[in-house]
Amino acid sequence: MTKRVTIKDIASQVGVSVTTVAKAINNQARISEDTRQAVLNAAQQMGYKPNRTARAMASNEMNLAVIYPALPREFILYLEEGFHRAAEELADFRVNIKLLSYTNLNAADQVDDYLRQLVEPTQRIQGFILFASRHEDLYQNRLHQIAKQGIPFIYIVSEGNSPDALGTIRLNSEITGAMAAQFLQMTIPVSRPVMILVGTKELKVHSRCVDGFMRQAKKMNLRVGGVFETNDDKDVAYYLTDNLNRDWPDMAGIYVASYNSVGVCQWYEDHGRKGEVKIIGHDLYPALAEKLEAGSLSATLFQDQYEYGRKSLHYLFEYLTGSRKKEDCTKLMTPQLVMQSNLSSYRNSY
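Here the sequence shown is numbered in our numbering, starting from 306 and rising by one per residue.
Here you go:
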């Protein structure tokens, strides 16, 4: 089967950016006439044929949507910044982006309602980004019907269950968990137990972190005492930490496989035991950075939600305009290890 020529192929041939090719093909301003002609000549010679969606969008606005939870704000804030940045970068292409936030990860009914609204003719939505809630099975059939109508979608943060998705942009959870295990193995006596705290085992992004941690821990003879759920609640994390210290007095380390390590650190500060147990968490925001600076948090695995938000919309736009193939719509992000010593390098990230 002949390989379909994309605008990325044309950009490589002419020696310009994908953005420039898109502007030339869509007859938009802000490029020279010589460049426009070079692009159009190359497109003709290479047999470029824009897909049906791209052709329709050449003279019309593109309407995209994002469905995501409003909470937890410590995590979502940076995701939203990425959405807004992508909206600015795609404005020249007449792309409109509609942000639809639902209450929290338990609000599957709200997600289902948003999906129902997206297919209404008045919405004219060409594609969307989905941060799936818990209980995704409640709207799986609707996702399938939407895909059958030719409206593509990409998962973000969550892995998702629908085979109809173009792909997913999320944390490489297995690698993340393994990194946490190796960090603890290097910083504590391996004979003493470590604990894992997750938001909920039901979410794949959390359960895969646990899987990665457990595999690496087994390789390194790291002793794991148990896995406990915090429901992403700081008070629950604080309470669990109190229980763990009572039940496991020789505990040497804690891996918090979510944004929610602040509650754990607070317990140690309140009890005058800061730094006694090595704690490694996820993400980076002001309250968490304070724990790093104070020494109650040993390290955090920064996944850069801003880039999730930005990349997801660019990937969807590029797919719809023919410059990205379906098999290139998945990106697993490897986190960066942030400690007190290198925190200053991330000041602009939180």
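C-beta atoms are modelled at their ideal positions from N, C-alpha and C, and glycine is treated no differently.
Does the separation of the CB atoms of residue i and residue j fall below 9 Å?
i    : j    : result
L502 : L410 : no
Q431 : L625 : yes
Q608 : L476 : yes
T535 : G504 : yes
K579 : S601 : yes
L648 : E598 : yes
M556 : V582 : yes
F488 : S617 : no
Y620 : G387 : no
L527 : Q490 : yes
E623 : V323 : yes
Can you give me the Cβ contacts of residue i inside the same chain, cut-off strictly under 7 Å, excluding the 5 residues immediately before and after it?
i    : result
M519 : V529
V416 : I372, Y407, S438 and Y444
Q571 : Y543
K636 : I474 and K616
S512 : K506
Quick one: what's residue i bridged to in DSSP?
i    : result
G432 : L369
S406 : Y373
T704 : With the chain represented from 306 up to 655, any question about residue 704 goes unanswered, as that position is not in the structure.
V541 : DSSP lists no partner for V541.
I501 : V532 and Y560
M484 : Looking at the DSSP assignment, M484 forms no beta bridge with any residue, so it has no partner.
M638 : L476
I459 : I434 and G472
I400 : The question names Ile, but residue 400 is Val in the sequence shown. In DSSP, V400 forms a bridge with M367.
By the 10 Å Cβ neighbour count, where 16 or more other Cβ atoms means buried, how is residue i classified, buried or exposed?
i    : result
S317 : exposed
M638 : buried
L382 : exposed
G577 : exposed
A492 : First, the amino acid is wrong: residue 492 is Thr here, not Ala. Per the 10 Å Cβ criterion, exposed.
A396 : exposed
A361 : Any reading at A361 needs caution, since the residue's pLDDT is 49, under 50, leaving its predicted position unreliable; the model's value is listed next. Flag for A361 reads exposed.
T427 : exposed
K506 : exposed
P494 : exposed
R357 : Reliability of the predicted coordinates at R357 is poor, the pLDDT of 49 falling under 50, and the value obtained from them is presented with this limitation in mind. Exposed: under 16 other Cβ atoms inside 10 Å.
D547 : exposed
D537 : buried
Pull up the CB-CB distance for residue i and residue j, whole angstroms please, since I reckon it's below 8 Å.
i    : j    : result
C634 : I402 : In fact, because the Cβ distance is near 17 Å, the residues do not count as touching under 8 Å.
I474 : Y613 : 5 Å
P374 : F436 : 6 Å
K313 : S628 : 5 Å
R390 : M367 : No, R390 and M367 are not in contact; Cβ-Cβ is about 17 Å, not under 8 Å.
S566 : L593 : 6 Å
V669 : T340 : Lying outside 306 to 655, the shown extent of the chain, residue 669 is not represented and no answer is given.
L420 : L376 : Going by Cβ atoms, the distance from L420 to L376 rounds to 20 Å, so no, they are not a contact pair.
Suppose the cutoff is 6 Å on Cβ atoms and the five residues either side in sequence are ignored; what does the same chain contact list for residue i look like?
i    : result
A485 : F518, Y560 and I585
V344 : V319, V326 and A329
T481 : C514, L606 and P640
G568 : K539, A542 and Y543
E379 : Y564 and Y590
D414 : none
N332 : none
E441 : N466
What does a CB cutoff of less than 8 Å around residue i pick up in its chain, not counting 5 residues either side in sequence?
i    : result
V510 : V462, S463, E464, R475, L476 and S478
W553 : P498, M500 and G530
L384 : Y373, F436, I461, V462, Q610, Y611, Y613 and G614
Q645 : L597, E598 and G600
P591 : Y655
A483 : G517, F518, R520 and Q521
S496 : R528
Considering only heavy atoms of the ligand PLP, does any lie closer than 8 Å to the CB of residue i?
i    : result
E507 : This structure simply doesn't include the ligand PLP, nor any ligand for that matter.
Say whether chain C places a C-beta atom closer than 9 Å to the C-beta of residue i.
i    : result
A557 : Considering every chain present, this structure includes no chain C. It has just one protein chain.
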